[in-house]
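Just so you know, the sequences run in chain order A and B. 120 is the number that the working numbering gives to position 96 of the first sequence; each next residue is one higher, with no gaps. 66 is the number that the working numbering gives to position 42 of the second sequence; each next residue is one higher, with no gaps. Notes follow once the structure below has been shown.
Protein chains: 2
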Amino acid sequence: MENRHCAIFGPVLTVVVVRLHAHDHPFCDDIMGTNDGVSSSVPASHTITIALIWIKTCQLPNLPPTFLRSLKTSKRASDIPSIRIWYNLRPQTCSSHHDSLPLPNRYVFDVFGTLFDWRSAVVREFKCLARDASKRGSNTEAMLSGVNWMEFTDEWRKGYGRNTKALAAKPTPSDSFPKLDVVHRQILDDLIISHGLHGVFTELELTHVNLAWHRLDPWPDVPQGLRMLQRGYMTSTLSNASVRLLVDLARWGGISFDLLISSELFGTYKPNPRVYLNAAELLDLRPEEVCLVAAHRYDLEAAKGCGYATVYLRRKGEDDGEPEINTPNEKIDVVVDDLQDLAVLLGCMNI
Amino acid sequence: MENRHCAIFGPVLTVVVVRLHAHDHPFCDDIMGTNDGVSSSVPASHTITIALIWIKTCQLPNLPPTFLRSLKTSKRASDIPSIRIWYNLRPQTCSSHHDSLPLPNRYVFDVFGTLFDWRSAVVREFKCLARDASKRGSNTEAMLSGVNWMEFTDEWRKGYGRNTKALAAKPTPSDSFPKLDVVHRQILDDLIISHGLHGVFTELELTHVNLAWHRLDPWPDVPQGLRMLQRGYMTSTLSNASVRLLVDLARWGGISFDLLISSELFGTYKPNPRVYLNAAELLDLRPEEVCLVAAHRYDLEAAKGCGYATVYLRRKGEDDGEPEINTPNEKIDVVVDDLQDLAVLLGCMNI
């Protein structure tokens with residue numbers, strides 16, 4: 025069983041999203057016996073997804089204590105029944121606990137790290153490249169054998185962070201705004217030299233691996249989570265990736281958005297406020313009507329500074345070095361660990 | 025039977041795209057007997073779509089003369105068999121007739137008139153509005169009874185053409201670039217006065233009908249045609265509609281693109297060359313690598329002037345007053361009457 029906590033509203037309300045997959049569990053009848061907000065008209069033999077409102081006082085509304093106990097103690101997916109049940113968490117159903125969920129109905133997403141797992145794909149491509157290059161001679165093989173491609177990739181990514189933040193700090197749009205492929209290549213070239221790998225790879229190989237960022241896989245929860253969200257809400261990227269890079273990533277990952285917004289359109293990079301403000305303006309919305317979903321706090325804090333609603337989608341290996349956040353704060357409205365959980369939280373059905 | 029001519033390459037090659045829908049036709053076996061380029065592994069009981077290469081010399085390659093005769097003489101859909109057969113027209117299969125199809129593999133689409141039937145939806149909304157307003161009194165009813173909403177809508181659309189062309193003619197980006205909703209509203213307000221309808225509609229009603237352009241239905245061939253094209257090719261809008269308008273139209277029409285490009289991003293309107301050149305630049309492509317599909321020649325001519333490939337998608341009621349075009353010319357590379365025909369022409373399977 026996956027048991028995920030999504031803390032909203034800090035002191036007022038905590039939402040527990042639980043995914044259940046299995047057959048013929050004894051407390052199935054208990055669940056089906058609860059009516060308020062829980063649909064019992066869904067056919068059997070489906071995967072269960074349940075989102076439960078768990079009031080801070082630990083009273084589960086309209087759900088029997090046995091079920092709550094089972095949730096807490098159940099360890100294995102096979103413990104759980106196979107009937108799909110929905111606890112509708114649309115804002116109006118929460119109104120008795122809080123005026124409304126603090127989220128608007130337009131969602132923009134950070135891409136690298138939030139929706140796509142950049143680390144696995146880039147490391148994989150480096151390893152392929154190194155294996156091929158090693159065959160060219162024992163000298164090259166020796167040079168490459170000492171490289172930790174995971175660390176190399178993390179350094180590349182850190183260089184991206186430093187460079188785009190420096191570009192974002194420039195106050196006015198630069199005529200010579202460099203697209204992200206160019207920024208990536210400059211950092212890569214520096215890393216190749218600092219790791220003593222000059223001349224090891226051909227120009228064609230470097231060009232190819234520099235475009236590895238166009239060939240990332242989405243995190244496993246993303247394709248279905250986005251599809252669920254899109255039924256009820258407008259979705260767009262809001263990314264430092266260039267427009268072309270976003271097109272390639274979406275096609276590669278087999279996912280689609282209503283719109284692709286790139287900071288390239290505004291001649292700067294996140295976290296420059298122009299990106300957030302101009303994106304809202306493109307959508308004919310006030311910033312308060314847009315919600316950013318991102319795995320990095322600097323991004324969410326800049327968005328909140330412009331008036332956005334914010335969802336912190338926690339991803340392992342992103343935001344390293346920052347103290348862990350489990351509950352909302354003044355910059356972060358909602359914390360989730362999974363895009364499908366967010367979709368459920370917003371009342372999007374998994375059909 | 026629908027029999028559509030798509031003339032390509034002028035003197036070299038003519039492609040006839042034929043759609044066949046029916047069951048148990050006697051020459052079914054003849055078709056299945058042809059192997060070269062025609063897949064016979066498709067299960068029966070499907071709708072047929074056949075694209076035939078018809079060399080100017082009138083020899084159908086590898087298809088029996090009886091079949092060709094049947095195509096020419098068949099009048100009704102029920103005359104035709106139900107097996108789906110594909111003649112792959114990807115460039116490489118045409119290479120014996122011509123070096124390659126003159127089309128690249130990135131497609132951008134004009135929207136109003138090309139993909140969406142603006143006239144029907146806007147007229148429908150006006151008629152609803154007028155019916156409601158007429159109930160307010162015999163005076164209002166008399167004022168509205170004489171209005172031809174089809175002509176009114178056509179005047180609105182002509183006003184759009186005049187105004188956006190005037191805005192496009194301004195040489196530099198204007199700081200006060202008006203979004204299309206604003207342009208539409210100015211024209212509507214003028215028309216209301218010139219038709220003696222001042223005070224007949226409430227402000228709320230005018231605001232609502234001004235946004236009718238966000239609620240258009242796609243032409244019937246568009247949803248499936250776009251889906252087919254997207255399997256093999258990148259698709260984007262290239263429209264004078266604002267970004268938000270494009271988002272709303274795509275969601276309303278239940279269609280999706282890889283990308284939405286609006287002239288709003290470039291602070292001007294088509295046919296200003298900046299729109300075509302900047303759109304290609306956003307895609308990291310040379311203009312020659314992009315193909316515009318549009319139902320208006322002024323748009324295609326401007327795109328061709330920037331180096332684009334061009335497909336003229338003929339739509340009844342668009343480009344009125346222009347002499348009819350049936351074959352390509354120096355500004356138009358391909359002429360089609362249906363988006364699914366274009367998809368077939370480009371080798372996209374209808375699965």
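Glycine is no exception: its CB is placed at the ideal position from the N, C-alpha and C atoms. Keep in mind it's a predicted model, so treat the numbers as computed, not measured.
- [ ] For the alpha helix (DSSP H) holding Arg-321(B), just list the boundary residues, first then last.
- [x] Counting along the chain, the alpha helix (DSSP H) containing Arg-321(B) begins and ends at 321–329.
Open item on the list: Short of 7 Å in beta carbon distance, which residues of its chain neighbour Ala-31(A), apart from the five on each side in sequence? Order them along the chain.
Closed with: Here Ala-31(A) scores only 33 on pLDDT, less than 50, and its place in the model should not be relied on; the value that follows carries that caveat. Only Thr-38, Asn-350, Thr-351, Pro-352, Val-359 meet the Cβ criterion.
Open item on the list: For Glu-149(B), tell me which candidate among Phe-140(B), Leu-240(B), Met-258(B), Thr-292(B) has the shortest Cα-Cα distance.
Closed with: Leu-240(B)
Open item on the list: Please state the DSSP three-state secondary structure of Arg-338(A).
Closed with: Arg-338(A): coil per DSSP, three-state reduction.
Open item on the list: Considering only their Cβ atoms, is the gap separating Leu-284(A) from Leu-270(A) smaller than 7 Å?
Closed with: yes
- [ ] Verify whether the separation of the beta carbon atoms of Tyr-293(B) and Leu-191(B) is less than 7 Å.
- [x] yes
Task: Collapsed DSSP secondary structure at Val-224(B) in the structure displayed - done: It is coil, neither helix nor strand.
- [ ] Note the first and the last residue of the continuous alpha helix (DSSP H) segment covering Arg-255(B).
- [x] 246–256
Open item on the list: List, in chain order, every chain A residue whose beta-carbon is nearer than 8 Å to that of Met-258(B).
Closed with: Val-271, Arg-275
Task: Close-in-space but distant-in-sequence residues of the same chain around Ser-280(A) (CB under 7 Å, 5 per side omitted) - done: These residues qualify, in order along the chain: Ala-274.
Task: Buried versus exposed, by CB contacts within 10 Å (16 or more), His-222(A) - done: exposed
Task: Phe-201(B) - DSSP class collapsed to helix/strand/coil - done: coil
Open item on the list: So, for Ala-367(A): in the same chain, excluding its five sequence neighbours on each side, which residues have a beta-carbon less than 7 Å away from its beta-carbon?
Closed with: Gly-249, Met-252, Leu-253
Open item on the list: 7 Å is my cut-off, CB to CB: does Val-368(B) come that close to chain A?
Closed with: Val-368(B) does not count as touching chain A.
- [ ] Pick helix, strand or coil for Pro-352(A), following the three-state DSSP scheme.
- [x] It is coil, neither helix nor strand.
Task: Residues of its chain near Cys-372(B), where Cβ-Cβ distance is below 8 Å and the 5 sequence neighbours each way are ignored - done: Met-252, Leu-253, Arg-255, Gly-256, Tyr-257
- [ ] Rounded to whole angstroms, what's the CA-CA distance from Ile-376(B) to Arg-310(B)? Just pull it up for me.
- [x] What is shown of chain B runs 25 to 375, which leaves residue 376(B) out entirely.
Task: Rounded separation between Leu-316(B) and Asp-308(B) - CA only - done: 16 Å
TODO: Indicate, with yes or no, if the ligand NAD has a heavy atom lying under 6 Å from the CB of Val-317(A).
DONE: Annotation note on the ligand NAD: not contained in the displayed structure, which lists no ligands.
Open item on the list: Can you find the residues in the same chain that come closer than 8 Å, C-beta to C-beta, to Leu-230(B), ignoring five residues on each side of it along the sequence?
Closed with: If we look at Leu-230(B) and ignore the five residues flanking it on each side, its Cβ neighbours are Arg-209, Leu-212, Asp-213, Ile-216.
- [ ] Taking Asp-282(A) as the query, report the chain B residues whose CB atoms sit under 7 Å from its CB, ordered along the chain.
- [x] Val-271, Ala-274, Arg-275
TODO: Using three-state DSSP, classify Tyr-131(B) as helix, strand or coil.
DONE: strand
Open item on the list: For a cutoff of 7 Å on Cβ pairs, would you count Asp-213(B) as touching chain A?
Closed with: Cβ-Cβ to chain A under 7 Å: no for Asp-213(B).
- [ ] Indicate whether Ala-304(A) and Thr-138(A) have their beta-carbon atoms separated by less than 7 Å.
- [x] no
Open item on the list: For a cutoff of 7 Å on Cβ pairs, would you count Val-317(A) as touching chain B?
Closed with: no
Open item on the list: On the CB-based measure, 16 or more other CB atoms within 10 Å of its CB, does Ile-346(B) come out buried or exposed?
Closed with: The residue asked about is misnamed: residue 346(B) is Glu in this sequence, not Ile. By the 10 Å Cβ count, Glu-346(B) comes out exposed.
Task: For Asp-343(A), the nearest candidate out of Phe-133(A), Leu-301(A), Tyr-322(A), Tyr-184(A) (CA to CA) - done: Tyr-322(A)
Open item on the list: Please report the distance separating the alpha-carbon of Pro-242(B) from that of Ala-265(B).
Closed with: A straight-line Cα-Cα distance of about 15 Å links Pro-242(B) and Ala-265(B).
Task: Where Asp-308(A) meets chain B, residues with beta-carbon distance less than 7 Å - done: Residues of chain B passing the Cβ test: Arg-268.
Task: Thr-164(A) beta carbon less than 7 Å from that of Arg-143(A) - done: no
- [ ] Below 8 Å on the Cβ atoms is my guess for Met-167(B) versus Val-224(B); work out the distance and round it to an integer in Å.
- [x] 6 Å
- [ ] Indicate whether at least one CB of chain A lies closer than 7 Å to the CB of Leu-230(B).
- [x] no
Task: chain A within 7 Å of Leu-221(B), Cβ atoms only - done: no
- [ ] Assign Gly-277(A) to buried or exposed, taking buried as 16 or more other Cβ atoms, counted over all protein chains shown, within 10 Å of its Cβ.
- [x] By the 16-neighbour rule on beta-carbons within 10 angstroms, Gly-277(A) is buried.
- [ ] Assign Asn-234(A) to one of two classes, buried (16 or more other C-beta atoms within 10 Å of its C-beta) or exposed (fewer than that).
- [x] buried
Task: Test: Leu-139(B) CB closer than 7 Å to a CB of chain A - done: no
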